[in-house]
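Chains as they are written, first to last, in this note's numbering: chain A, 1 to 502; chain B, 1 to 435.
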């Protein structure tokens, strides 16, 4: 049972395997060499290194590769032209405008595909894995879908906003998201006006973003909150406040009365304790344990104490994460190799920890989609359910087959992925076994290799049956630890049900 | 052989030969028996159900992606406005031709309504009294984005939010646990319509992909046996079956069994010859799975290419040929199997197209369009009314049947489910079934 308080892990308990766990959960895994480097730092320094990632040079953003004007709204002159064509019944001109619009939409859909690849590449290559891991968390939390907004640049802007605030202050995230063009469009706040309030954003702000369904608020708070958010709008790529749309009357939100606007509304919500508990519960499911149902007593006690530090620090995320990553609770056996990898985690962790070629980014994005996580296209404002919802008979085969693709470059026919001839050399994964054994010692045994690969990939002490099965496989096939043998072993390990855990 | 290998070995024998259920029951934990029984003994449910009880009713959804041109599918050849709006692309009246373009096939002479000449396969079903066309289907405030309108049809929600309507059907009727083989989608994407909170579809593009591709890595199959041992071994000793690993192990076994079942089913030769098109291949697989007695209640297939913005005459004619012939072969197959009375096929598209042709010899995104139904149980013929071609909404047809009232009828009268619970609102059932 994981302990029910925030007590840190004993310093001398932080070893190579704890470092592997930290790399998996606070990022997307790492190679044996990276795990060893982290283990050598010691717990405090290792966690600080991962969390204080601004110290590490950021990868270039490459924003200039994206065209921000594809879906630029028509200007006054252009609108007039269309209006005139409509009035004069100039079908040919109207047809031309329609076609131009369709071409721009097609171009924008192509660009959102490029952005998916761009983000995946970033996750694979970044020296600041926690930054991307948390950006992905907030993308699922403040879920906004391209399908409804059809403006790739707004999605990109939102992504950059989430990244810039990924481990800063949750309060700033909330203030920013109610001013974010993609979100304002997605939840129809651009139509939220004094005369005709639209409750969509107000409702989700409380239900999904801060308080949790049915916690603390009433239907009336939603109505009043919607009034506060009237006039929060955007023009082209930027937030604008439209005073003529804003309701300046008094509103009573969560018992507080005043002439509130959208930011006041957020502040009122954040002045309660509920958001800290709600967010910590969600973060816990993302980083610690995603067992279905309510957490057990000890886990709940941990979450409660952890949430208190969040509220007390005024929603600062970095200290919150440091407390977690240093805690005994986080490294407990019950919380190790127990979290179902989301599809992005599965892909990126495989590449980062095994150091396979990344193959083809489009193929990876399409695989993630087949596995149920199409980035920039969450299924709804609720984001992805996560946990067991990732796994069914179909996605399990895709998961197993994706690993075959990464390990071998073999193109699974009609997945429309390109074959990739680059070889993956897995020898580096076990190089240190020989070093550990010392110059004089014999080669590591098959059992040593199998046991190490199992533990490294599964994140936990392997089951005897698994060791036995793989040793038998290796012996039946010549028993030499060479590249084909290692790829065979890794293919089998990646096909184990427990490989889906981290 | 050591003791720890014994259960895996006996399960393997069982899976390969379809016998030895007893020996498995003696060694496997309870939940494995359950999941195995659900998949391996599909006849049990069929044999126990009474004729007419919905348990053996099957729904096949055919999605026509891109927005099928309803007016060139079900042709209002008796209406002048049709020819005025589409001088270059209209289907000529029955018996007439325009260039290479043949005239429409007569359906209802009095109303002046016919079918695209390449839909002879569908016309045959019409004449047999096993097909119907619901005219003018749509929804309020039509959305002309492919994505959004498709999502609206999939969620049965005009805001395009929430889970899929078929997924919700299972969620509402499954008592909290998903049906392992309840719904199967063939195609690259797993349709939103089938995603429930609890229920998720099995989906595969080709049965050859619904398996582990590592089998192919070595010619001698060296990886195959260890792979099967790993994925069919069941729970490892000492693992809590309520843990995430317990759940994963269970699903891994389910996946192996479903893969065996489906690949065995579709490997059999069909009873009739299917044409060579993507849709026909998908329907052939569905026919094979139905014939093989799978417990699946809903199948989903799809065909794309209907977004005919330019030079549509030839391309649309090809699509019509593929659609009509595939449906025709599917019906014959089901009839031959004796299953045409228990399989309802329903075709839809996310929207129709504008009434007037555009400047490129094509048509742009529109609104209302017909739906097509097939099966012995449907009320045959032309149902509802053709929307007016003169009373338009900004150049688009006005719908007169909400697609959700068709869903409601399918749910209530065919699937035996409370449609208000599934659809989240009360829709008047469209009269689409024989009394």
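Glycine is no exception: its CB is placed at the ideal position from the N, C-alpha and C atoms. The structure displayed is predicted, hence computed values, not measured ones.
- If you draw a straight line from the Cα of residue 336(B) to the Cα of residue 379(A), it comes to about 41 Å.
- Looking only at 312(B), 235(B), 104(B), 423(B), the smallest Cα-Cα distance to residue 156(B) is reached by 423(B).
- Of the candidates 307(B), 318(B), 378(B), 195(B), 307(B) places its Cα closest to the Cα of residue 365(B).
- By DSSP's assignment, residue 374(B) forms a beta bridge with 131(B), 345(B).
- For residue 299(B), the uninterrupted beta strand (DSSP E) run begins and ends at 298-303, by DSSP.
- Taking 8 Å as the threshold, the shortest C-beta distance from residue 210(B) to chain A falls below it.
- For residue 183(B), the enclosing beta strand (DSSP E) stretches over residues 183-186.
- Contact annotation: the region 358-373 of chain B touches the region 116-135 of chain B, with at least three C-beta pairs closer than 8 Å.
- Between residue 163(B) and residue 196(B), the gap from beta carbon to beta carbon is short of 8 Å.
- Judged by DSSP in its simplified three-state form, residue 8(A) adopts strand.
- Here residue 492(A) really is in contact with residue 226(B); their C-beta atoms are around 6 Å apart, less than 8 Å.
- Shown here for residue 61(B): same chain residues with a beta carbon closer than 6 Å to its own, the five before and five after excluded, namely 300, 346 in chain order.
- In this structure, the CA atom of residue 154(B) is about 33 Å from the CA atom of residue 91(A).
- When Cβ pairs closer than 8 Å are counted between the two stretches, the region 13-32 of chain A is seen to touch the region 42-55 of chain A, the count reaching three or more.
- Exclusion of the five residues before and after residue 398(B) leaves 387 as the residues of its chain whose Cβ lies within less than 6 Å of its Cβ.
- Residue environment: residue 80(A) is assigned as exposed (fewer than 16 neighbouring CB atoms within 10 Å of its CB, all protein chains considered).
- Partner residues in the beta bridge of residue 365(B), as assigned by DSSP, are 353(B).
- Under the 8 Å criterion on CB atoms, residue 397(A) is classed as interfacial with respect to chain B.
- Looking from the CA of residue 385(A), the closest CA among 215(A), 460(A), 341(A), 269(A) belongs to 341(A).
- Near chain B, meaning a CB-to-CB distance below 7 Å, the residues of the region 465-486 of chain A are 465, 469, 473, 477.
- Fewer than three beta-carbon pairs drawn from the region 115-130 of chain B and the region 345-360 of chain B are found closer than 8 Å, and the two stretches are therefore not classed as touching.
- DSSP places residue 397(A) in the uninterrupted alpha helix (DSSP H) bounded by 393-408.
- Here residue 74(B) has 133, 370 as same chain residues with Cβ atoms under 6 Å from its own Cβ, once five neighbours each way along the sequence are excluded.
- Residue 285(B) sits away from residue 272(B), with the two beta carbons spaced by 8 Å or more.
- Residue contact check for residue 392(B) against chain A: no CB pair falls below 8 Å.
- Neighbourhood of residue 358(B) in chain A, by CB distance below 7 Å: 95, in chain order.
- Nearest to residue 454(A) by C-alpha distance, out of 467(A), 446(A), 142(A), 123(A), is 467(A).
- Taking a C-beta cut-off of 8 Å against chain A, none of the residues of the region 81-113 of chain B qualify.
- Around residue 305(A), the same chain offers 5, 6 as residues with beta carbons nearer than 7 Å, after the five sequence neighbours per side are excluded.
- Here residue 238(A) carries a strand assignment [DSSP, helix/strand/coil].
- According to DSSP, residue 433(B) shares a beta bridge with 378(B).
- With contacts defined as CB atoms closer than 8 Å, residue 426(A) and residue 346(A) fail to qualify as a contacting pair.
- In this structure, the CA atom of residue 145(B) is about 28 Å from the CA atom of residue 118(B).
- Bridge partners of residue 233(A) according to DSSP: 240(A).
- When Cβ pairs closer than 8 Å are counted between the two stretches, the region 161-181 of chain B is seen to touch the region 402-422 of chain B, the count reaching three or more.
- A check of alpha carbon separations from residue 433(B) across 427(B), 412(B), 421(B), 425(B) identifies 412(B) as the nearest.
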